[in-house]
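Protein chains in written order, with this note's numbering: chain A, 37 to 238; chain B, 9 to 597; chain C, 22 to 375; chain D, 2 to 347.
Scroll down for the structure; my scribbles are underneath it.
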Amino acid sequence: MAHTDDAHAPTHEEHTGHGAHHVNSRALLLRTFGGLVGLTILTVGLAFAERAGVLPLGGLSVPVALAIAGVKATLVALYFMGLKYDSRTNALAFVGAIVFLAIFLSFTFLDTLFRDTFEPMSAVPVDVIRAESAALAARDSLFDDATNPASLVTPTDTLLFPNAQTDPTGAAAPAPVAAPDAAAPVAPEAVPAATDAGEVGG
Amino acid sequence: MATLAAPRPASAPADTTRYPAGHEPVHNYLKEPKGIWSWLTTVDHKRIGIMYLISVATFFSLGGILALLVRLELFSVGPTIMGAEAYNRVFTMHGVVMVFAFIIPSVMATLGNFLLPLMIGAKDVAFPKLNLLSLYIYWGGMCFAIASIYTGGVDTGWTFYTPYSSSTSTAVLAMGLGVFTAGFSSILTGLNFIVTIHKMRAPGMTWNRLPLFLWSVYATSIVQILATPVIGITMLLLALERILHIGIFDPALGGDPVLFQHFFWFYSHPAVYIMILPAFGIISELMGTFSRQRVYGYRAVALSSVAIALLGFMVWGHHMFTSGQSPVSSVVFSMITFLIGIPSGIKVFNWVWTMYKGSVWLKTPMLYALSFLFLFTIGGVTGVMVGALAVDIHLHDTYFVVAHFHYVMMGGTVIAMLGGLYYWWPKMTGRLYNERLGQISAILVFFGFNMTFLIQFVMGSQGMPRRYYDYPDMPWLEPLHRISTIGSWILAAGLLCTLINGLWSLKRGKLAPGNPWGGATLEWTHATSPPDPHNFARTPLVTHGPYDYEVLFGAGGDGHSSGAPVPNVEVGGPQEAEKSIDDGTRQPT
Amino acid sequence: MYERTRFWEEGASFLLPPQGSTTAHEIDAVFWFITIASTILTILVTIAMVYFIVKYRRKSHADRPVLVHESKWLEVSWIVIPTLLVLVVFFWGFRAYVSTSIPPDDAYEISVKGQKWLWTFEYPNGFVSSGEVVVPVGQPIRFTMTSQDVLHSFFVPEFRIKNDVIPNRYSTVWFEAPREGIYQVVCTEYCGKDHSHMGAHIRVVSRSEFNDYLRNPPGANLPPAEIGAQVWETSGCRACHSIDGSTSTGPSWQGDWGAARPGSTQGTVNDEYIHQSILEPGAYITPGFQNVMPSFQGVLTDAQVNGVAAYIRVLNGAATAADTTMAEEAPETGAVPGAGPADPSQPAGLETGN
Amino acid sequence: MAHPNPEDSHGDAAHGAHGDGHDDLYLVGHDGQLHPAYLQHHFVSAQQQFEASKLGMWLFLVTEILLFGGMFVAYSIYRAWYPSLFEDASLQLNTTLGALNTLVLLLSSLTVAWAIRGAQTDNRRVLFWNLIATVALAGTFMVVKYFEYEHKFHLGIFPGQSFEYAPGTTRVNGELVEGTRAVALLPAEEGAEHGAEGRDGGHEPTVGAVGQLQPAVPVESHDGRTEAIVLPPDDPGANLSPAEHVTGEGGTLGAEPHEAGEEHNEREGPIFSDPRAGVFFSIYYVMTGIHGLHVIIGMIAISILAYRSRKGVYSSVYYTPVENVGLYWHVVDIIWIFLFPLMYLI
């Protein structure tokens, strides 16, 4: 009836005796620090090597750098913060934080990386679409004469508006009177009817 | 040496305004130390809980008045009592005040603060000064909020969606600062409670003997710790957006407004569980005590709280099905949303089944608990409807959603909190409330609430968008709006009854016995009403579970068996009683 | 010809508006399934509650009920059954979502622009209309939407379609209306003062009617002043600019013409001033007002802007003959509001579209 | 609890106060039992108090991690969207200084750990001097950071809207950043009303800007962004910092003119004509800014510890504050361990 054995259960089940008072030895502290410095030098070295073109890691550079950072963080947590000798509750709290951060990150990526599932263009900001079409138009206009309104209806526009006709008001746009190469970037602004994208912002 | 409670007078004493001779409580946390200053500087969790209670009650009335204004404006088509800009500010203020100033601290900071140490047999929370600090931080945040209201209020809706919130000319900055600050108060409370539950439990208070209220408080604290920092950084970024135009959320500068919604809802959806989980706990206590029966499936109920808390972090995207987020994430979020419905269902079934072969006592708190079961069930199933992808496309941002979350927030949290207040009122104040008035208020609230919000499901699915000042395009909705508005008046009347009841009981209420309901948790069995400033004369030794009503004997639980402030139950037989009973009349040695 | 005027509309149910699109029934099916299932569940819970309350009501304060031991079967059953139920609902809702979200390839493209507090629709041939869009019956229509300023949301209850309209991003909705009628568009993402007035109409008409409409849009062959009046009605001017001299968000047009504007480029309200105020409102802010007006660059055509100027002149009794009579001259301003492309030589929408 | 002050330990928490044996300072509670002075009366034992405050500290660190976590999420999202922008931008940061700061922080972590060891071994000199060293190192970190920021501002690298783009950059909102001659062509007040509605500002200056443009061969980068649609003019005169030319750009207006020479080398790179560069630097400033704030808070806390350790408050039986502040400091270090590669290296 009287659970006297339970009496001190809470304090016992939750910390490893006097482990909470573990004292780090000098050697351990110094070794940890050495490891940290070494890893720092390594990651910086890799970065410089890649910039100099000596060691092109390509797609690997990001994961490698993050992996090194992860190891460093683990070292700090385990030894400097003494998590290795600490109670399980504290370790759980720390790990839990990272897990939930991962949840935040991954679920947000589920959105930001897959916005084009149904509609290819809803993944791309309007200004980027405009810039692309303007660039294509600019490339064409280097070769043919820019006053040709055909170059004002860009591939992207036709993708957006399958039935779009070449816009007569385009001829009235201020852009073409300027140097040919400049016609392109301004075109979307100059022809409001060509695409509403020109009006975004403000 | 402790003795059993002194023999009680056979009949309740004639004069119920004075304690019978030999039964005056030695200490009363309300009375000593005296003086307003002693209250403002106290670190007693009970007093802090009371001060929180007064604060949130104030903000609840403020938010309620705003709600009445909103309903009144919608009473008929066209401008009724205010202009569009005023209306936008009013409903925004209603949302912000109710969510950040009232519901989030509501149960946790009031009942949680008051009961947590009492229920685990501790003298106080782990960090009493931090507790007081969190109260002051909360007050600070509210000062910002009030300043914002004073300077014209905010018109963004409580969700602060960019780019509207970063471009509007209203006082978003002050309000954001208020939310930011209040967040820290919430964090400190959660932190304090987790540590208290882990480290401060009395001998014998094992995890399996933890009252279910504390299980949900524990789950809630986890959510507060993990989610609240994110609203902090979100509000910070919003402020920088307004001051420096950093453009992270501003499409005109290359940012992405949908990202803001992710940030906002990563906090605000778990926040929904910060609001509702403690209510679950209260209901568990009420169902147990007023059925005088073990809460059915203790483990299932306890663990479902934790499950809800953790799963609650993976469903925020269901607020964004039509926001232009990727279909892939919509599908995943919808999936997990359905999973989280299951633990909530389990709870409801267990609560209902707790009454099976029990002894159901229809006192005011139980009336509230039962209306909670009904209202929360409706809130839950409509949650399933808006969680279904295709259906949400039609229902999103309509009155259907408004009705749904009012059924969960108001029909859930507020109703449960009222029940909890009635239940623990004798313990908090040492006085009994007026039963008749209490029952009237419970019935008024129940009917008023359903009249207000049930009809809004219909409006919503018929296409009435939320946050509308006027509905010129749908004049045929007018009669439904009128029913809803009239319902809101009945609801207000019911709440007013509760307020009057409380004030009445403080003045004229009968003195409460130590254990008027025959509860089996420590605050009833081991503490006086009202409790000693140090809670217990000595640390109790816990020898029974929170719902082991069978080990309680004596004339407990008729509400007025004795005028004595003494817990009039004995625990687990004489020897145990010898060890653990504190009759509250013992002088300190 | 359908237009909703009553709650009990023919085709409407107690909970849902009539089905105006070919996809509506799929969504309604899920809706009704969940509704009925939830209702049954709620009723069962309520019955159990009432039964227990009545049967196990406390008789005396001495009641000490026998202890009930948990039955694993009961526990498991009310974990498993709801799980299966919600999984069914999820997959059903998921399927309906996918099948109603993806527009068919032959959809007719109309570009939609949301701005405070007005919907503007641009047809493939460049004709721009605001406040109302006319679409052919029995033809999949795809709206490519973007916003000028803040978030809006495009919602048509009868079509069961809704999607947010986001600045600097394209979002889409599509529908196919099987019967002619007028359907209400509402904005469901809070967007400020006149959020609740940010409506529009979708007028579903026969194909031939649609083509006539595109060839010869309304407001053609009107004197400028009347065009201006139309713009004031439909393009959202009236939200802020009164015509009776009463001041609201913006200056009233009554008594506006010729009024002094110290500090502005023009000095007084003249034709040039009005043009600037409409196309780049931020250029000069009349004292006592805030810089809240969105630009109508690309929303209003030259003809319409001229029309507004003419309308303001008429309001202030400063009308010239040209304002109130049909303008024959000046093809470059375009006799037809909605700009050049609508001239008959220009093939309109459908024939070329599909 | 009528007694907020932990130093007087009234109340009857005595039983079990025999937590860790050798306590040096005792007070007598009115129940006749002895408690160590540092034991707050609502705790049963020193052990319980130590564990409670340590768990509390860990939970606080959890909130810190999630606070920064939000920013890390924002960073990752934008990096995934615009990888080449982030690579270009990270080239603008001074890797050497960053690495230096990393080493400084790592060393300070060591000193703090060493200080705790000093407390545990009752060696108060080690405790005190290590705390002092930590504060000094933290100070060094902030000084280096100051120089980094100062240099960025000098180059017109500001967060968000204030970022000074190269002439001829089309901004996200369609606004075109003018070059010298473009401005020359502008009427005076045209400039004044600029930032308000860039959309329309776009037209006029374009014509001017056009005059000084070389044939623009658009370079399409792999992530779909288009760079250098319009290249900056080639004659050095026009290559001055846009600070003089870009009008109406909020606070950056007053930026003092820089001599062309150094600008010419330093303000190079595609980043200055990338319409989203401002967002990257917003993230950079916010993350490093919040981190710097934490460093300052840490400095204050550690100074207080040093002061109190001088007064001999801490010993092997009571060093909870040292331990907790140490934990905090290590987390500040860990966050920088991730900030450094993300911002400076990749």
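Yeah, the Cβ is synthetic: ideal placement off N, Cα and C, and Gly gets one too.
From a predicted model like this one, the values you see are computed outputs, not experimental measurements.
7 Å Cβ cutoff, residue i in contact with chain A
{"i": "B/Val314", "result": "no"}
{"i": "D/Pro322", "result": "no"}
{"i": "C/Ile123", "result": "yes"}
{"i": "B/Val339", "result": "no"}
Beta-carbon neighbours of residue i, restricted to chain C and to distances below 8 Å
{"i": "A/Asp163", "result": "Asn189"}
{"i": "A/Phe145", "result": "Those within 8 Å of A/Phe145 in chain C number zero; the least Cβ separation is about 18 Å."}
Distance CB(residue i)-CB(residue j) smaller than 7 Å
{"i": "C/Ser34", "j": "C/Ala198", "result": "no"}
{"i": "C/Ala250", "j": "C/Tyr144", "result": "no"}
{"i": "B/Phe341", "j": "B/Val360", "result": "no"}
{"i": "C/Gly147", "j": "C/His173", "result": "no"}
{"i": "B/Met116", "j": "B/Pro286", "result": "yes"}
{"i": "B/Ile202", "j": "B/Ala317", "result": "no"}
{"i": "B/Gly240", "j": "B/Phe188", "result": "yes"}
Cβ-based burial, residue i [other Cβ within 10 Å; buried from 16]
{"i": "C/Asn312", "result": "exposed"}
{"i": "B/Asp264", "result": "buried"}
{"i": "B/Ala450", "result": "buried"}
{"i": "D/Val231", "result": "Note that D/Val231 scores 38 on pLDDT, short of 50, meaning its location in the model is unreliable; the coordinates nonetheless yield the value given after this. With 16 or more Cβ atoms within 10 Å of its Cβ, D/Val231 is classed as buried."}
{"i": "C/Pro188", "result": "buried"}
{"i": "D/Asn325", "result": "buried"}
{"i": "B/Ser173", "result": "buried"}
{"i": "C/Glu24", "result": "exposed"}
Any C-beta of chain D under 7 Å from that of residue i
{"i": "A/Phe150", "result": "no"}
{"i": "A/Lys120", "result": "no"}
{"i": "A/Thr79", "result": "yes"}
{"i": "A/Leu114", "result": "no"}
{"i": "B/Ala535", "result": "no"}
Within chain B, partners of residue i - CB distance below 8 Å
{"i": "D/Met72", "result": "Ile241"}
Chain C contact for residue i (CB, 7 Å cutoff)
{"i": "B/Tyr555", "result": "no"}
{"i": "A/Ser158", "result": "yes"}
{"i": "A/Phe130", "result": "no"}
{"i": "A/Phe154", "result": "yes"}
{"i": "B/Gly571", "result": "Bear in mind that a pLDDT of 40 at B/Gly571, under 50, signals an unreliable position, so the number given afterwards is only what the model happens to contain. Cβ-Cβ to chain C under 7 Å: no for B/Gly571."}
Neighbour list for residue i in chain B, Cβ cutoff strictly below 7 Å
{"i": "C/Pro38", "result": "Gln470, Gly471"}
{"i": "D/Asn325", "result": "The premise fails here: D/Asn325 is roughly 12 Å from chain B at the closest Cβ pair, so nothing lies under 7 Å."}
{"i": "D/Ser283", "result": "Ile254, Gly255, Ile256"}
CB contact below 7 Å: residue i versus chain B
{"i": "C/Asp84", "result": "yes"}
{"i": "C/Met22", "result": "no"}
{"i": "A/Ile139", "result": "yes"}
{"i": "A/Thr110", "result": "no"}
{"i": "D/Gln93", "result": "no"}
Chain A contact residues for residue i, given Cβ-Cβ distances below 8 Å
{"i": "C/Ile48", "result": "The premise fails here: C/Ile48 is roughly 16 Å from chain A at the closest Cβ pair, so nothing lies under 8 Å."}
Chain-ordered chain D contacts of residue i [CB-CB under 7 Å]
{"i": "A/Ala133", "result": "Val63, Ile66, Leu67"}
**Message:** Which complete alpha helix (DSSP H) runs does the segment 402-428 of chain B hold, if anything under 4 residues is left out?
**Reply:** 407-416
**Item:** Any alpha helix (DSSP H) of 4 or more consecutive residues that is wholly inside the segment 306-366 of chain B
**Value:** 306-319, 335-362
**Asked** Along the chain, which unbroken stretches of the beta strand (DSSP E) at least 3 residues long are found entirely within the segment 184-211 of chain C?
**Response** Correct list: 192-196, 202-208.
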